[in-house]
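Scroll down for the structure; my scribbles are underneath it.
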Amino acid sequence: GGAFSPETARKDFPILQRLVNGHPLVWLDNAATTQKPRQVIEALAAYYSATNSNIHRGAHTLAREATEAYEAGRAAVAEFLGAASPENIVFVRGTTEAINLVAQSWGRANLGPGDDILVPVLEHHSDIVPWQLIAKETRARVVPVPLGPDGQIDQNAYADLLSSRTQLVAISHASNVLGTVPPVREMTALAHRYGAKVLVDGAQAVAHFPVDVQEMDADFYVFSGHKIFGPTGIGVLYGKPEVLEGMPPWQGGGNMIDSVSFARTTYAPVPQRLEAGTGHISGVVGLLAALNWLTSFDRGAVAAYEQGLMSYAQQALAMVPGLETVGAAPDRIAVLTFTLAGHDPVTVADWLDRDGIAIRAGHHCAQPALAHYGLEAAARASLALYNTSEEVDQLVASLRRLTDSTPS
Ligand code: PMP
5 GGAFSPETAR KDFPILQRLV NGHPLVWLDN AATTQKPRQV IEALAAYYSA
55 TNSNIHRGAH TLAREATEAY EAGRAAVAEF LGAASPENIV FVRGTTEAIN
105 LVAQSWGRAN LGPGDDILVP VLEHHSDIVP WQLIAKETRA RVVPVPLGPD
155 GQIDQNAYAD LLSSRTQLVA ISHASNVLGT VPPVREMTAL AHRYGAKVLV
205 DGAQAVAHFP VDVQEMDADF YVFSGHKIFG PTGIGVLYGK PEVLEGMPPW
255 QGGGNMIDSV SFARTTYAPV PQRLEAGTGH ISGVVGLLAA LNWLTSFDRG
305 AVAAYEQGLM SYAQQALAMV PGLETVGAAP DRIAVLTFTL AGHDPVTVAD
355 WLDRDGIAIR AGHHCAQPAL AHYGLEAAAR ASLALYNTSE EVDQLVASLR
405 RLTDSTPS
């Protein structure tokens, strides 16, 4: 990629020009979803203006072009993740659907009574509940892996919980609440010694640092397009070829079959076998544009910029009276979850919104992670490459006006 500057990157985002409640938008809710550069918006408009067709069927020019665009997206995702082949990539609606697909297909075929699924306490609900659903049906167990005081996965406890019963370990590559980045390569190597498979939830990772699924040796890697500057409704499941090949269909329909008769239906090879029905073709086109946009920058420079901005924000927030950040591990992405003494998180978010500043308040779909800190809700500012130190200053100034105006 080429040189990176946040000022140049910002110019690509039309939404960053709008006013909210009379103030320029300060978007600090990037862990929920990222904004979209004009390159993505234009790719969607161009697709619907000039190419729109269903794919893989019909022998006409537009079907051919749409198919090429869809498969170009698959190839780009494979390259982006360091996968061996585009055939290792299955398109889904998002991280949630990818995990449910693995649970319902791989899980149903491989889990049974007495088997363990290891899930760290800090996981997003979408990396907990699908395992609970399939565990109930297969009489397997979902076993929580505890956290240390700094919010990192307790590695000694993890090593102790692994056993020959462990079939699967499901871990986030970066936490959406604590920002923590666990040592996935080491955790994967350890799980493999027991013959367990490893699913890595990259929803919060892919926008922040480069990922290499072969280097980390993950069996599954999943992410959502909308958290990496692409459209909503498109997501990715990467699987090792030998693991994907063993997966039975989950949803049935068009696109996923070899031949159908009432006597006997046979299925297409992966990835098509796992992509029933018409996919989100324009979503793939938009995701491709998003990946092209992001990888046009030097990713090391982007990561260094975000880390610098994160340190700046941590120091600035520490000056706000009564503010406490949640989690303190050193290896983190730019997610800042905090509480403000005397103010509930929703009030804090409402106050900031009046100044055009968007953060999230609530349980962040990670109730067990917050419960670890004795919390039911918290405020969260999450940064992306287009955020600036001026925006952090505005956040801090607005918070200080709140604490000044109301004695706690
Ligand atoms: N996992 C993590 C770590 C997340 O942060 C999120 C989104 N907050 C998800 C999974 C779910 O992603 P989606 O809603 O796009 O399916």
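Counted the way the UniProt record's numbering counts, the sequence shown spans residues 5 to 412. Where is the CB? At the ideal position from N, CA and C, for every residue including glycine.
Asked, Found
"Met220 burial status per 10 Å Cβ neighbour count (16 or more: buried)", "buried"
"Cβ pair Pro352, Leu344 closer than 8 Å", "Here residue 352 turns out to be Val, not Pro, going by the sequence shown. Cβ distance < 8 Å, so Val352 and Leu344 count as in contact."
"Sequence ranges, beta strand (DSSP E) only - wholly within the region 280 to 343, length at least 3", "327 to 329"
"Any heavy atom of ligand 1 nearer than 5 Å to the CB - residues listed", "Gly98, Thr99, Thr100, His128, Ser130, Ser176, Asn180, Asp205, Ala207, Gln208 and Ser228"
"Same chain, Cβ closer than 6 Å to Ser412, neighbours up to 5 away in sequence not counted", "Only weak support exists for where Ser412 lies, its pLDDT of 49 falling under 50; the value from the coordinates is given anyway. Gly326, Ala345 and Gly346, listed in sequence order."
"Cβ neighbour criterion (16 or more within 10 Å) applied to His177", "buried"
"For Ser402, the first and last residue of its enclosing alpha helix (DSSP H)", "Ser393 to Ser409"
"Ala102 vs Val274 beta-carbon contact at 8 Å", "no"
"Proximity below 8 Å, CB of Ser228 to CB of Gly98", "yes"
"Where Asp131 falls, given that 16 or more other Cβ within 10 Å makes a residue buried", "buried"
"C-alpha distance - Phe17 paired with His212, whole-angstrom precision", "18 Å"
"Residue nearest to Ala174 in terms of C-alpha spacing, selected from Trp135, Ser265 and Pro41", "Trp135"
"Residues near His64 in its chain [Cβ-Cβ closer than 8 Å; skip 5 each side]", "Ser57"
"Beta-carbon proximity list for Gln255, same chain, < 8 Å, skipping 5 on both sides", "Ala280 and Gly281"
"When Gly86, Gly290 and Pro124 are compared against Pro150, the one with the closest alpha-carbon", "Pro124"
"Closest by C-alpha distance to Met260, when choosing among Arg277, Arg268, Thr269 and Asp397", "Arg277"
"Alpha carbon of Ser393 to alpha carbon of Val247, nearest angstrom", "44 Å"
"Contacts around Val181, its chain only, beta-carbon distance under 6 Å, and the 5 residues preceding and following it disregarded", "Thr341, His368, Ala370 and Ala373"
"Beta-carbon spacing of Ala308, Ile232 below 8 Å", "no"
"Exposure label - Ser53; buried when at least 16 CB within 10 Å", "exposed"
"Inside the region 160 to 229 only - alpha helix (DSSP H) runs reaching at least 4 residues", "188 to 197 and 217 to 220"
"Limits of the beta strand (DSSP E) - the one that Ala36 falls within", "Note, Ala36: premise wrong, no beta strand (DSSP E); not H, not E."
"Inter-residue spacing [alpha-carbon to alpha-carbon] between Arg169 and Asp120", "6 Å"
"Terminal residues of the alpha helix (DSSP H) in which Arg78 lies", "Thr65 to Leu85"
"Whole-angstrom distance between His284 and Ile236, CA atom to CA atom", "In the sequence as presented, Ile is not what sits at residue 236; that position holds Thr. Distance between the alpha carbons of Thr236 and His284: 10 Å."
"Residues near Gln398 in its chain [Cβ-Cβ closer than 6 Å; skip 5 each side]", "Val30"
"At least three beta-carbon pairs within less than 8 Å, the region 187 to 197 to the region 135 to 147", "no"
"Tyr52 (DSSP reduced to helix, strand or coil)", "helix"
"Burial state of Glu72 (16 or more Cβ within 10 Å)", "exposed"
"For Val147, the first and last residue of its enclosing beta strand (DSSP E)", "Arg145 to Val149"
"Buried versus exposed call for Asp408 [16 or more other C-beta atoms within 10 Å across all chains shown]", "exposed"
"Buried versus exposed, by CB contacts within 10 Å (16 or more), Thr38", "buried"
"Delimiting residues of the alpha helix (DSSP H) encompassing Ile103", "Thr99 to Leu105"
"Residue interval of the alpha helix (DSSP H) (run including Asp354)", "Pro349 to Arg358"
"Length of the line joining the Cα atoms of Ala382 and Ala35", "14 Å"
"Terminal residues of the beta strand (DSSP E) in which Ala139 lies", "Here Ala139 belongs to no beta strand (DSSP E); instead the alpha helix (DSSP H) covers Val133 to Thr142."
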